[in-house]
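**Q** Below is one structure. I have some questions about it.
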Amino acid sequence: MLILGIESSCDETGVAIIKGEENSKKVSLLSNVVASSLSLHSTTGGIIPENAAREQIKFIIPAIQEALKDANAKPNDVDTIAVTYGPGLIGSLLIGVETAKSLSYVWDKPLIPTNHLYGHIYANFIESKNDSVESDITFPAVGLIVSGGHTDLIFMKGHQKIEWLGGTRDDAAGEAMDKVGRLLGLPYPGGPHIEKAALKGDSKRFNFPKPLIGSDDFDFSFSGLKTAVLRETQKIEKLDEQTTADICAAFQKTVIDILVRKTMKAAEKYDAKSILLGGGVAANQALRDAIQTSIEDSNQQISFFVPPRNLCTDNGAMIAAAAFFNNKEVDFKKVDANPNLYF
Ligand code: KG4
Ligand code: ZN
Numbered sequence: 509m510l511i512l513g514i515e516s517s518c519d520e521t522g523v524a525i526i527k528g529e530e531n532s533k534k535v536s537l538l539s540n541v542v543a544s545s546l547s548l549h550s551t552t553g554g555i556i557p558e559n560a561a562r563e564q565i566k567f568i569i570p571a572i573q574e575a576l577k578d579a580n581a582k583p584n585d586v587d588t589i590a591v592t593y594g595p596g597l598i599g600s601l602l603i604g605v606e607t608a609k610s611l612s613y614v615w616d617k618p619l620i621p622t623n624h625l626y627g628h629i630y631a632n633f634i635e636s637k638n639d640s641v642e643s644d645i646t647f648p649a650v651g652l653i654v655s656g657g658h659t660d661l662i663f664m665k666g667h668q669k670i671e672w673l674g675g676t677r678d679d680a681a682g683e684a685m686d687k688v689g690r691l692l693g694l695p696y697p698g699g700p701h702i703e704k705a706a707l708k709g710d711s712k713r714f715n716f717p718k719p720l721i722g723s724d725d726f727d728f729s730f731s732g733l734k735t736a737v738l739r740e741t742q743k744i745e746k747l748d749e750q751t752t753a754d755i756c757a758a759f760q761k762t763v764i765d766i767l768v769r770k771t772m773k774a775a776e777k778y779d780a781k782s783i784l785l786g787g788g789v790a791a792n793q794a795l796r797d798a799i800q801t802s803i804e805d806s807n808q809q810i811s812f813f814v815p816p817r818n819l820c821t822d823n824g825a826m827i828a829a830a831a832f833f834n835n836k837e838v839d840f841k842k843v844d845a846n847p848n849l850y851f
């Protein structure tokens, strides 16, 4: 079965073709095209939704053509179309959704509207070159989604059996990274720049609060932490390179400590056999290492999965993969973009 996946919820236009066999544990990637308007948003220090939507219009058709060409496929080879219908920016979402609906009608193919957040978790179900023999994901699993717009913990008893455990009450982890990056004068988006600067920093020089780290629930809060970083930077007369690196190291470590503590707590409570990480912030090596170390320290039989970096940030392959495992076709006439979609 070939699925063409379309993702246009924010500033990336992602189109991919995946192949899934009946009963396969993972799907394989035939092509994956991502056109990003990130450089445009760097100039404005953040995303202006209308600009992102305009860029989506420019990229969507060429991205579909390229994805078909790279997969050596013709429209008729495609069995199903999958598209992100939310959450995201309404203008951007509409471009992908309306394009997918048109293709569903013209090519006469079924359409599977897909939740972007599921997509980030299902990026783990795409075969990758690094896969070892024992790389099958076993359930029950706990998933941590950390992106620019979301921070959520989910419990997966199996495919189509997903339960939301908790999420951020204010800023998402990636959003906090981007805001702190901005106040430190780093380019947009802040996450990768904070990660880079943190490598040269001393995480012990600053001590930031860890909101909700010990709370009974699976909720997160990063807004107070961001304000604490702001206050600290305001006290500093000149923000030199070393001080910036030290703040980045301390801030990044604080975010990671909170994410790891809550994820491990969920894994223990629900007796998880696997932990699945997803979303743009999952590209962060320090976070990946911290989860792995924490699992080893816990002496529990938990396998850790994280997608390759290019599949952590938004892409069409993760949408096609989520659609494959949660196969729910909907008549194209009934599919609408839903910017506020959640679990
Ligand atoms: O999943 P994504 O591409 O888009 C959303 O769905 O939001 O995530 C983008 C977020 C941004 O906040 C960005 O700063 C963050 O992912 N990010 C990172 C890294 N790479 C991207 N955060 C920390 N470390 C990274 N290496
Ligand atoms: Zn995303």
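Okay, so the sequence shown: first residue is 509 according to the working numbering, each after it adds one. We put the beta carbon where it would ideally sit given N, CA and C, even for glycine. These figures come from a predicted structure and were not determined experimentally.
Work out the CA separation of V763 and K712 for me, nearest whole Å.
**A** 14 Å
**Q** Mind checking whether D727 and E515 have CB atoms under 7 Å apart?
**A** no
**Q** Below 6 Å CB to CB, which residues in the same chain sit around Q852 once its five sequence neighbours on both sides are set aside?
**A** Outside the shown range of the chain, which is 509 to 851, sits residue 852, and nothing can be said about it.
**Q** Name, in chain order, the residues that DSSP records as bridge partners for W672.
**A** Bridge partners of W672: I662.
**Q** Which word fits S600, buried or exposed, when buried means at least 16 other C-beta atoms lie within 10 angstroms of its C-beta?
**A** Buried is the call here.
**Q** With a 10 Å radius around its C-beta and 16 neighbouring C-beta atoms as the bar for buried, classify F633 as buried or exposed.
**A** buried
**Q** Is G722 buried or exposed, if buried means 16 or more other CB atoms sit within 10 Å of its CB?
**A** exposed
**Q** If you draw a straight line from the C-alpha of D779 to the C-alpha of G693, how long is it?
**A** Going from the Cα of D779 to the Cα of G693 covers about 42 Å.
**Q** Got a sec? Which residues, its chain only, sit under 7 Å from A579 by beta carbon, not counting five neighbours each side?
**A** I525, L538 and S539
**Q** When you compare the stretch 573–591 with the stretch 544–562, are there three or more beta-carbon pairs, one atom per stretch, that lie closer than 8 Å?
**A** At 8 Å Cβ cutoff, the stretches do not touch.
**Q** Mind the definition here: the stretch 834–849 touches the stretch 646–654 only if three or more C-beta pairs lie below 8 Å; say whether that holds.
**A** no
**Q** Could you pull the start and end residues of the alpha helix (DSSP H) that K841 belongs to?
**A** That residue, K841, is in no alpha helix (DSSP H); it is neither H nor E in DSSP.
**Q** Could you tell me if the beta carbon of S655 falls within a distance shorter than 6 Å of some heavy atom in the ligand ADP?
**A** As far as ligands go, the structure on display features the ligand KG4 and the ligand ZN and does not contain the ligand ADP.
**Q** Between the stretch 768–786 and the stretch 579–596, are three or more C-beta pairs nearer than 8 Å?
**A** no
**Q** Here's the rule I'm using: 16 or more other beta-carbon atoms within 10 Å means buried, otherwise exposed. How should I569 be labelled?
**A** exposed
**Q** Could you check what DSSP says for Y593 in three-state terms: helix, strand or coil?
**A** strand
**Q** What are the start and end residues of the beta strand (DSSP E) that includes I475?
**A** In this structure the chain extends from 509 to 851, so residue 475 is not present and cannot be described.
**Q** Beta carbon of S802, beta carbon of M772: below 7 Å?
**A** yes
**Q** Using the Cα positions of S544 and I629, report the straight-line distance between them to the nearest angstrom.
**A** 21 Å
**Q** Starting from P570 and walking both ways along the alpha helix (DSSP H), at which residues does that stretch end?
**A** P557 to D578
**Q** Rounded to whole angstroms, what is the Cα-Cα separation between A825 and A631?
**A** Cα to Cα, A825 sits roughly 7 Å from A631.
**Q** Just list the residues that DSSP pairs A543 with in beta bridges.
**A** T521
**Q** Let me check understanding here. Comparing Cα to Cα, which of A608, G657 and L733 lies closest to A571?
**A** A608
**Q** Which of the three DSSP states, helix, strand or coil, is assigned to N623?
**A** DSSP places N623 in strand when its eight states are reduced to three.
**Q** Do A830 and Y696 have their beta-carbon atoms positioned less than 7 Å apart in this structure?
**A** no
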